[in-house]
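Trainee: Using this note's numbering, you'd call the opening residue of the sequence shown number 53 and step up by one each time.
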Amino acid sequence: MNNELLEALTILEQEKNISKETLLEAIENSLVTACKNHFGKSENVKVVIDPDTCEYHCYQEKTVVEEVTDPVMEISLPKAQMINTKYELGDVVQVEVMSKEFGRIATQNAKNVILQKIREEERKVIFDEYNSKEKDVVTGVVQRYVNKDINKNVSINLGKADALLTENEQIKGEVFKPTERVKVYILEVKPTSKGPKILVSRTHPELVKRLFESEVAEVREGIVEIKAISREAGSRTKIAVWSNDPDVDPVGACVGMNGARVNAIVNELCGEKIDIITWDENPAILIQNALSPAKVISVIADADEKSAKVVVPDYQLSLAIGKEGQNARLAARLTGFKIDIKSETQAREAGDFLDYENEYEDEEYYDEDEYSDEYEEGESTEADE
């Protein structure tokens with residue numbers, strides 16, 4: 053019996069990652085519960101378990117008395133001396149309780165105690181596993197839409213637990229099919245009585261960062277750093293990268309040969325365009341890079357006011373601003389600067405044409421969307437050339 057118990061605990065430890073000590077503690081508690089159900093008390097119950105062999109014994113500690121008034125807590129002197137002749141009045145005797153003496157209800161309750169402990173520990177192990185993966189990317193398998201008539205929330209199996217991808221965290225227009233494999237960013241893991249509640253996202257900017265870490269060895273190893281990300285999920289993302297090794301081109305490393313690396317990420321994100329630009333400590337140069345693929349004539353950046361005035365060639369204005377202001381908006385988020393973009397002609401007419409590039413001045417900020425509705429997006433590239 054002990055060998056069977058040892059084997060069962062070993063299997064549980066391996067398959068469910070629940071420690072043997074925890075399981076033995078559950079067995080101890082179950083025996084105490086069984087004693088309480090059978091005898092009505094458990095204050096004097098002591099359980100001894102050998103962790104190596106799983107051999108266990110359950111005892112009631114009874115006080116030796118002349119006349120027994122409580123048979124659960126007391127034992128008569130003659131009966132005590134039948135166990136050992138050295139016992140005297142007032143001594144405490146350990147009387148072994150055989151589990152086969154327990155009734156059906158007591159046995160069932162003891163079994164439930166063990167099963168409940170196993171379920172609790174299993175939930176805790178799963179919670180700890182996925183809680184450690186919070187803010188990371190995992191691959192899951194699409195199961196089904198949850199309450200499809202009400203919303204488009206999707207249940208995704210992550211292996212040992214299910215996650216919920218809410219409609220708000222889905223890329224616009226993305227359709228999921230059962231058994232489809234998809235990469236998601238773990239937003240939050242909450243403990244519940246039914247196991248961990250895992251919320252995931254496909255729209256979070258950090259998803260793009262984690263995908264680059266998995267796809268680009270230089271990013272994963274810390275040679276290339278992703279300094280900033282701005283994203284409009286499903287449409288466009290801009291990332292600013294920097295190399296800690298002068299011999300490594302950060303943009304080239306992220307793009308990969310013939311665009312292989314960035315294209316793998318683009319495909320994972322359903323064709324979302326990705327602009328990769330070089331980070332620079334000089335805000336003016338950074339803003340110039342951030343407005344890629346548009347070419348910039350000049351930039352005046354005010355580091356204190358976090359604002360910048362940019363002049364671009366007339367034919368580049370629509371490209372710099374982007375459709376509905378997207379390119380300028382993403383560049384502003386990426387750099388943290390409010391950006392006012394004007395064409396060369398507009399700048400001349402306004403009297404603030406800049407004939408020098410990338411310098412600091414105190415300048416008034418003009419709304420970056422001033423001309424956004426007047427222009428359509430021009431050509432775009434996936435990387436800063």
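Think of the CB as a built atom: it goes at the ideal place given N, C-alpha and C, for glycine as much as any other residue.
Apart from the five residues on each side of it in sequence, which residues of its chain come closer than 8 angstroms, Cβ to Cβ, to F179?
Mentor: If we look at F179 and ignore the five residues flanking it on each side, its Cβ neighbours are V241, P243, G247 and P248.
Trainee: Can you grab the Cα-Cα spacing for the pair E67 / L75, in whole Å?
Mentor: Rounded to whole angstroms, E67 to L75 spans 13 angstroms at the Cα level.
Trainee: Around the C-beta of R381, are 16 or more other C-beta atoms found within 10 angstroms, so that it is buried, or is it exposed?
Mentor: Label assigned to R381: buried.
Trainee: Using a Cβ-Cβ cutoff of less than 7 angstroms, which residues in the same chain neighbour R313 once the five nearest sequence positions on both sides are dropped?
Mentor: So the qualifying residues of the chain are E267, V268, C306 and V307.
Trainee: Return the chain-ordered ranges of every alpha helix (DSSP H) run that is complete within the segment 281-365 and spans a minimum of 4 residues.
Mentor: The qualifying runs are 302-307, 312-320 and 335-342.
Trainee: Opposite S94 in the DSSP bridges: which residues?
Mentor: DSSP output for S94 lists no bridge partner at all.
Trainee: Give me, in chain order, the residues of the same chain whose beta-carbon lies closer than 7 angstroms to that of A353; leave out the 5 immediate sequence neighbours on both sides.
Mentor: So the list reads P335, A336, I339, A360, F389 and Y412, once near-sequence residues are dropped.
Trainee: Where do the N-terminal and C-terminal ends of the beta strand (DSSP E) with I391 fall, by residue?
Mentor: K390 to S395 is the span of the beta strand (DSSP E), which, as asked, contains I391.
Trainee: Terminal residues of the continuous alpha helix (DSSP H) containing N69?
Mentor: Note, N69: premise wrong, no alpha helix (DSSP H); not H, not E.
Trainee: Any beta-carbon of chain C closer than 8 angstroms to the one on L369?
Mentor: The structure shown contains no chain C, having only a single protein chain.
Trainee: Quick one: what does DSSP say Q222 is sitting in, helix, strand or coil?
Mentor: Coil at Q222, not helix or strand.
Trainee: Can you name the start and end residues of the beta strand (DSSP E) that T191 belongs to?
Mentor: Here the beta strand (DSSP E) through T191 covers V189 to V198.
Trainee: Quick one: what does DSSP say C110 is sitting in, helix, strand or coil?
Mentor: Three-state DSSP puts C110 in a strand.
Trainee: Within the same chain, show all residues whose beta-carbon is closer than 6 angstroms to that of Q195, passing over the 5 residues directly before and after it, in chain order.
Mentor: Excluding positions up to five away in sequence, the list reads S207 and N209.
Trainee: Among Q112, D122, M125 and T137, which residue has its Cα nearest to the Cα of V149?
Mentor: V149 has its Cα closest to that of Q112, out of Q112, D122, M125 and T137.
Trainee: Does the distance from the C-beta atom of R233 to that of T191 stay below 8 angstroms?
Mentor: Contact: yes.
Trainee: Could you pull the DSSP bridge partners for N81 from this structure?
Mentor: Per DSSP, none; premise fails for N81.
Trainee: What residue does the beta strand (DSSP E) around R233 start on, and which one ends it?
Mentor: Here the beta strand (DSSP E) through R233 covers R233 to K242.
Trainee: Going by beta-carbon coordinates alone, are V300 and E265 separated by less than 8 angstroms?
Mentor: Their beta carbons are not under 8 angstroms apart, which means V300 does not touch E265 by this criterion.
Trainee: For A215, report the span of its beta strand (DSSP E) as first-last.
Mentor: Start and end: D214 to L217.
Trainee: Closest by CA to T231, which one among L239, Y197, G225 and K204?
Mentor: Checking every option, the nearest Cα to that of T231 belongs to Y197.
Trainee: Quick one: using the 10 Å Cβ neighbour count with 16 as the cut-off for buried, is S245 buried or exposed?
Mentor: Counting Cβ neighbours within 10 Å, S245 comes out exposed, since fewer than 16 surround it.
Trainee: Along the chain, where does the beta strand (DSSP E) containing E148 start, and where does it finish?
Mentor: Start and end: V144 to V149.
Trainee: Note the first and the last residue of the continuous beta strand (DSSP E) segment covering S253.
Mentor: Run containing S253: K249 to S253, per the beta strand (DSSP E) assignment.
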